[in-house]
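Below is one structure, written out as structure tokens; the observations come after it.
2 protein chains.
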Amino acid sequence: MTTYTAIGRSMLPPDGRAKVTGTTRFAPDLRLPEMLHARLVISAHAHARIVEINTAGALAVPSVVAVLTAQELPEIAPKNRFRLLLARERVIFAGQPVALVLAENEAAAMDGAERVQVNYEPLPAAVTLEQALAGEAPLVWPAGLPGVTAEAQAHGAAVKDGQPEEQKRSNVCDRHSFSRGDITAGLAEADVIVERVYTTSRVHQSYIEPHASLVQPDLLTGGATIWTSTQAPFWIREEVAAILGVPESDVRIVGTPVGGAFGGKFILYEPLLALVAQRVGRPVRLVLTRLEEMVAGIPTPASRMRLKLGARRDGTLTALAAELTFDVGCYPSPHANAAFLLGSFYNIPNLDIHYTEVLTFKHSAAAYRAPGATQPTFALESAMDELAHQLALDPLALRLKNAAAPGDLMADGKPWPSMGMSQVLAALQAHPAWQEREQARAAGRGVGLAIGGWPGGTEPAAATCLLNRDGQLQVTIGSVDLTGTATGLALIAAEAFGMAPDKVRVINGDTASAPFGGAAGGSKITYTLGPAVIQAVREARTQVLEIAAEEFEADPADLEIVDGAVQVRGVPDKSITLASLAGKTMGFGGKYAPVVGRGRHLDKTASPGFCAQLAEVAVDEETGEVRVHRLVVVQDVGRAINPPGIYGQMMGGAVQGLGLALYERMAYDESGQVLTGSWMEYTVPHADQAASLIEMVIVEVPAEHGPFGARGVGEPPIIPTAAAVANAVADATGRRLTDLPMTPERVLAAG
Amino acid sequence: MTTYTAIGRSMLPPDGRAKVTGTTRFAPDLRLPEMLHARLVISAHAHARIVEINTAGALAVPSVVAVLTAQELPEIAPKNRFRLLLARERVIFAGQPVALVLAENEAAAMDGAERVQVNYEPLPAAVTLEQALAGEAPLVWPAGLPGVTAEAQAHGAAVKDGQPEEQKRSNVCDRHSFSRGDITAGLAEADVIVERVYTTSRVHQSYIEPHASLVQPDLLTGGATIWTSTQAPFWIREEVAAILGVPESDVRIVGTPVGGAFGGKFILYEPLLALVAQRVGRPVRLVLTRLEEMVAGIPTPASRMRLKLGARRDGTLTALAAELTFDVGCYPSPHANAAFLLGSFYNIPNLDIHYTEVLTFKHSAAAYRAPGATQPTFALESAMDELAHQLALDPLALRLKNAAAPGDLMADGKPWPSMGMSQVLAALQAHPAWQEREQARAAGRGVGLAIGGWPGGTEPAAATCLLNRDGQLQVTIGSVDLTGTATGLALIAAEAFGMAPDKVRVINGDTASAPFGGAAGGSKITYTLGPAVIQAVREARTQVLEIAAEEFEADPADLEIVDGAVQVRGVPDKSITLASLAGKTMGFGGKYAPVVGRGRHLDKTASPGFCAQLAEVAVDEETGEVRVHRLVVVQDVGRAINPPGIYGQMMGGAVQGLGLALYERMAYDESGQVLTGSWMEYTVPHADQAASLIEMVIVEVPAEHGPFGARGVGEPPIIPTAAAVANAVADATGRRLTDLPMTPERVLAAG
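Chains as they are written, first to last, in our numbering: chain A, 9 to 759; chain B, 9 to 759.
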């Protein structure tokens, strides 16, 4: 067995102290000379024609410098949400930016925004899935999505017998299916069939730090430098450059430390702000208010899922038929993997899964931790539990019996790569909380479990590596550190070089200084950047050994790196510290070329991560309140590079899973107004409802291509929580809750 | 003959437009939130004991936040000028910082500085070379240089017959010699001997932008980020880290666009400001005033040079004896190469050259364009001219006859590498200005020539190279662009890759984002970084071809890069633009690893550059004014990568050469006070005295190891100007001027 000296040891994130002492500068903390503060004027209607915008009142506010509307901006086809910019003629959701006020200070910008008068002619809006799918529903995009080719639009049309249906405009923006075997026969084979409709709510990512950006326009090139709280600096660079009409090299994106993102911070208002800053010729800062986050942000879609799951008496699954309908708001949203995942977790010979994505007059949806996985897992794992109950089988054994293993086929017919679904279930089976479930039941509690997985992302990634004169190894990557990945990469670099982890600096560079690193999303930074870092570090190591070899007139093969020094094996006085060696590569008297390694990586095989959870709950029969007493989180992480970082991900994901299960829902009234405009109306789990009751178990099934076997860990722990809690509620009360969140009202109503 | 598509073509610097439109942000333009403005309180005495510093009056000024003295700073051995920080007990030059006032705005800082009362007890000061060398001279460092070992100090002691003289403290801080052959015999062999004493003045680099720095302290690590106008970010990083007592990795130096440096901006007050910012916990900005530049800056040393140069009747040089004495102010200064260069330009069998560096109670000297070369070249080339006159030989032919060539020995006994001294002289010989010198004489003008060379610098250097999604090649280096080197490197990269130069971006990164690049000084950025850039670009090119080969299922050897696209030779429709190829290496759908090249370089062979100049002058017999009518600058640049950039260097150097020749002198009164505290008293050449009269000729003798043969070009053109003008004055008037600058008073006095 390989012995590691760095990975697997606990390392606290080097930026932690700055964060807890308030020293970290987040995007909202940044200031530039001549900077203007922006405030959005947002639509009061879900659907309306803009008759007139009167900016006189706003302009009369002292310190207000400009009020911009779509008229002042170039006309750009709004083919996606971040190109919607400011509303032109029509608004399609309540909260849509209609104008933007710029002022010398934030208070004036806010005053100004309140004084912009917009005269609307309200139009009928389809706010719910039902309304949007109705025959004569008003269309979000009556002429089709702007700037998208007819061919691409057809892709979203219904397909029947392999032929596209006759095209008729509707609010449906995507339809696709997965099928396998013979669904009718499969259902007929089943001894028991569970059929249910499940729904999930729109949920906001609810990071503490709102969207925040600061744009410095470059008036000569037409480009810009943008400091922004984002997961994807290179994506923003690409889009901003396209919208400004300049080469990407004229745009520089500096990803600032992120105060929470969870999928919601890829790109949003950066292109608008870049245009605005170019227009006014001054730096522009926009930090969303919580209300703006709630009405003008990009939450998750709501979903309605009808499942029919059949099994034979022995628990063998025979068929899964499903119709998933996602309410994505005013733009398509990348949740198409929902149907794929639903059909992939278990070995089911007969599948018939349909996915329909529907546009509504609401703000568009975006990713939220495990996008497209949380919803179908809630449905599937609830159905699995009910099936076990009806068959009087052990629900864990039922899952183990049917669980997919590496090589088994996923819904798309491709084989699962290395993954640990069964190992995770087995680890949960061995856990005291499962073993002692009868004691919990005796105490009036219910115990439920669920499992879910995330397929893992892949993306090209690169890294560079330098040896500094202080003997520290500097690794530069182009991705932001969302979740402590930089700490894990430091451990990986230390392991690959053979040095102490605290002598490694991982720099999350900006788009002008770092090689491409990929977006921090999809549970893939460690998985994709890890190998690039290893390669860069090993190159640097080779160079270091070559220099030392020349210095000692020795063979590089006879050298070793011990305690920050290169030494000739067996000749202790032939030793040079990395600091002195680096010193010989810098400065006028330098004897050797500087140490510079580079790593480039792409692996198209992803690293799926499975997480099983067990919830132990008590239900207050009087109030309907579900109180979680214990939440066990078991996850396959491939290799735990930095255990505290992984525990942080597991706990954070599970806490958010509890939010999905019990608390979080964006509510809209019938006209499409958001009713949950602040954290007074929108509930997230509190500390006493979460962290203290979570127990975590790490399982390590090495990912074949992962750095030291590591696989992505961010997404999995949010996936099964809602189903585990629902199953525990059913166990405690006999009531099957099918709608998220499971609020006390719903629990009582289910009684 | 190789045909080049990029190098040798003229390219204007991409940052030129920003500079001429005032868009560039220089260090003085930067602001940070909570920033404090610093002002120095400077010593009124050249030598004094500090009895008391009363800060009460300053602290009473509204907006003054703090007044710091040495007491508030850690005690650090002031072993060099930038560690002198604030005076502790004693001041050793008029202008030395004694205290530092911090205020919310610059006006308050200035008011505060004026209200700090320092009570001095004046002490006797040695201000001139004569005073400093006198028997009982007051010593600048009575106990030796602080923090320097006794051994190192002994290095500066006089050496006699190979044995160090008995050590006695003096103001002499360096002595060394070069000798060859038998000087007595050599002088005896000579038919003619010229013996003279020459002097040069202290000169200020007189950049337009003064020293300017802004420090953001990192209160957690104890480190800092410093934006500063510097030639040497990595050097500052090293020193600041040492002084703050933190690893270098905790210090980040961002070299801002430089508004002139010329050797004077390696490092000065950055360490002091870093300590001050740490002390007060806020960002601190210091922009020197012109007066502070003049009294607290780091000008060039003054020199006194006694030469005896002998030759046979046929012009063969037989002996050179010389004593060079440099007045470097209160610290040693790197001008030791003066003696080396003096003995290297010509093949002289018998040499005896002594260099003595003397400390005086004045601000310490630093480098100024071709440090240590301008002074001896003035002496040597004046003597050569006088020798030619006395021997009635053609002064150009005399030089050609004795000029060193590659392989000839330099003063240190090592052979000259490839260089073009003779070729430069030959090109000047062919120039109309030399051919038609009799016409000029007939018009009452004098014609003089001189030649000088710069040995060239070497330093390790590295570069990285990325391919951006817009098809642009991004080259990152850790050096600042002082003189348009980034433009030349863009041409080099374009040539190496095979693409249009305007598709190359050269990024001058900061010390945390770029690999080590070396200081921008010594005429070596293009020479040392060029090969690193070529290597990095070629690596990237190989990767690009490999990707295209995989895309086309072709052999990389069958591919070519034409017009920004990779194509299969002879198969025009198998072509992919660099932009689309790069697109395949970035983003979620990426098919290939990102393109990342890296280059590492060190070559210990330097690239000497020679420059010959011809001056045509008229001397006003009434006023003594020397009016230059024509200045021909002929220079060996190895290979002219970017001709306009090179012409800029040649012209700029020659203009500064005219300043040395005719105008520039820092004057001190007998107490050591600077009399030339502004550009009212200190004269630099005006536009009508310079640019319009300069003619330039490029000679290309390829440097063996230079990128495409290029050699350093920055330093040479300042070197021979003063001698050329002096020789022209002698030609016009018969008067031999031996003291720089040749002011009207001196011209009249020589009459």
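In this text, a Cβ means the ideal position worked out from N, Cα and C, and glycines have one as well. Note that the structure is predicted; figures quoted are calculated from it, not measured.
Assuming residue i contacts residue j under a Cβ cut-off of 8 Å, what Cβ separation, rounded to an integer in Å, is found between them?
i	j	result
B:Pro340	B:Glu365	6 Å
A:Gly506	A:Ala544	Not really, about 15 Å apart at Cβ, beyond 8 Å.
B:Asn650	B:Met19	5 Å
A:Pro309	A:Phe274	No, A:Pro309 and A:Phe274 are not in contact; Cβ-Cβ is about 15 Å, not under 8 Å.
A:Tyr128	A:His219	At roughly 25 Å, the Cβ-Cβ gap does not stay under 8 Å, so A:Tyr128 and A:His219 are not in contact.
Check residue i in the structure and name its three-state DSSP category.
i	result
B:Met118	helix
B:Thr550	helix
A:Pro580	strand
B:Lys612	coil
A:Ile61	strand
A:Trp424	coil
A:Ala626	strand
A:Ile569	strand
A:Trp462	strand
B:Gly761	Residue 761 of chain B cannot be examined here, being either before or after the span of chain B that is shown, 9 to 759.
B:Ser18	coil
A:Leu38	coil
B:Glu446	helix
B:Glu80	helix
A:Thr585	strand
B:Val49	strand
For residue i, count neighbouring Cβ atoms within 10 angstroms of its own Cβ and tell me buried if that reaches 16, exposed if not.
i	result
A:Arg673	buried
A:Asp393	buried
A:Met688	exposed
B:Arg321	exposed
A:Asp518	buried
B:Gly665	buried
For a contact defined as C-beta to C-beta under 9 Å, what are the partners of residue i on chain C?
i	result
A:Tyr600	Among the protein chains of the structure shown, namely A and B, there is no chain C.
My parser needs the beta strand (DSSP E) runs of 3 or more residues fully inside the stretch 83-138 of chain A; what are they?
105-111 and 125-130
Against chain B: residues of the stretch 710-722 of chain A by CB proximity under 8 Å:
none
Output the residue ranges of the alpha helix (DSSP H) runs that lie fully inside the stretch 465-523 of chain A and measure 4 residues or longer, sorted by chain position.
493-505
Mind checking the stretch 81-94 of chain B against chain A and listing, in chain order, the residues whose C-beta falls within less than 8 Å of any C-beta there?
none
May I ask you to list, following chain order, the residues of the stretch 610-626 of chain A that have a beta carbon less than 7 Å from some beta carbon of chain B?
Leu610
Quick one: complete alpha helix (DSSP H) runs, 4+ long, within the stretch 376-414 of chain B?
382-399 and 403-410
What are the start and end residues of each continuous alpha helix (DSSP H) run of 4 or more residues lying completely inside the stretch 701-737 of chain B, in chain order?
none
Could I get the ranges of all uninterrupted alpha helix (DSSP H) runs contained in the stretch 635-662 of chain A, with 4 residues as the minimum, in chain order?
none
Listed from N- to C-terminal order along the chain, which residues in the stretch 552-567 of chain B have their beta-carbon within a distance smaller than 7 Å of any beta-carbon of chain A?
none
Interfacial residues, the stretch 273-289 of chain A to chain B, with Cβ spacing under 7 Å:
none
Which parts of the stretch 207-289 of chain A are runs of the beta strand (DSSP E), unbroken and 3 residues or longer, counting only runs that do not cross its ends?
220-225, 232-236 and 259-263
Under 8 Å, CB to CB, which of the residues in the stretch 583-598 of chain A have a partner in chain B?
Thr593, Met594, Gly595, Phe596 and Gly598
Residues of the stretch 241-262 of chain B in Cβ contact with chain A at a cutoff of 9 Å, in chain order, please.
Phe242, Trp243, Arg245, Glu246, Ala249, Val254, Pro255, Glu256, Ser257 and Asp258
Curious, which full-length alpha helix (DSSP H) runs of at least 4 residues does the stretch 284-335 of chain A contain?
298-304
Name, going along the chain, the residues of the stretch 497-521 of chain B whose beta-carbon falls closer than 7 Å to a beta-carbon of chain A.
Arg513, Ile515, Gly517, Ala520 and Ser521
Near-chain B residues of the stretch 14-28 of chain A - C-beta to any C-beta below 8 Å:
Arg25 and Ala26
Between the stretch 477-491 of chain A and chain B, which residues of the former have a C-beta closer than 7 Å to a C-beta of the latter?
Arg477, Asp478, Gln480, Gln482 and Thr484
Can you give me, in chain order, the residues of the stretch 41-52 of chain A that have a beta carbon less than 9 Å from any beta carbon in chain B?
Pro41
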